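**Q**
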Amino acid sequence: MIDVKDDRFGAIYDSYHYNIDPSAPEYKKTKSMEAIIEEKLHRRKSGKTAKAGGASGQKRKAEMDKNSAGQSAKFSKSDSESISSLINSVKSKTQTFHSTKKKK
């Protein structure tokens, strides 16, 4: 039997990388898997995960906001012009593709 209270494996309950998909062909329904799923649901309900709005979740969100603000300031005028031209190019090619597809 697995110890679901062990803090070393906290990422299993917090991170989306470790989500368990019962519909996956690799999934084996065992007592340990059921215990993990049960504990994850229990933690989600009680709000013990970092994503549930705990202090670490808010801290992580603040860091991401700060990083994204710094990223937008790094772009120069030429960068934004090249991005705009790239967007226009993709849009025109998409229109051309759809118009040729409709003709067929």
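At position 91 of the sequence shown the residue is numbered 230 (this note's numbering), and the sequence of numbers has no breaks.
Virtual Cβ for every residue (Gly too), placed ideally from N, Cα, C.
Computed from a predicted structure; not experimentally measured.
(1) Among S238, E177 and K168, which one has its Cα closest to the Cα of K144?
(2) So F110 is in the alpha helix (DSSP H); what residue range does that whole segment cover?
(3) Within a Cβ cutoff of 8 Å, which residues of the same chain sit near A150, ignoring the five residues on either side of it in sequence?
(4) Between the alpha carbons of T233 and I226, how many angstroms are there, rounded?
(5) Going straight from the alpha carbon of K170 to that of D160, what length do you get?
(6) So the candidates are S215, A174 and D153; which of them puts its Cα closest to the Cα of D142?
(7) Could you check whether Y152 and K179 sit closer than 8 Å to each other, using their CB atoms as the reference points?
(8) Alpha carbon to alpha carbon, how far is M140 from G186?
(9) With distance defined between alpha-carbon atoms, name the residue in E202, V229 and R182 nearest to D146.
(10) Straight-line CA distance for K242 to F236?
**A** So, from the data block:
(1) In terms of Cα proximity to K144, the closest of S238, E177 and K168 is E177.
(2) Residue 110 lies beyond the residue range present for the chain, which begins at 140 and ends at 243; the question has no answer from this structure.
(3) H156 and Y157
(4) 11 Å
(5) 15 Å
(6) A174
(7) yes
(8) 25 Å
(9) R182
(10) 10 Å
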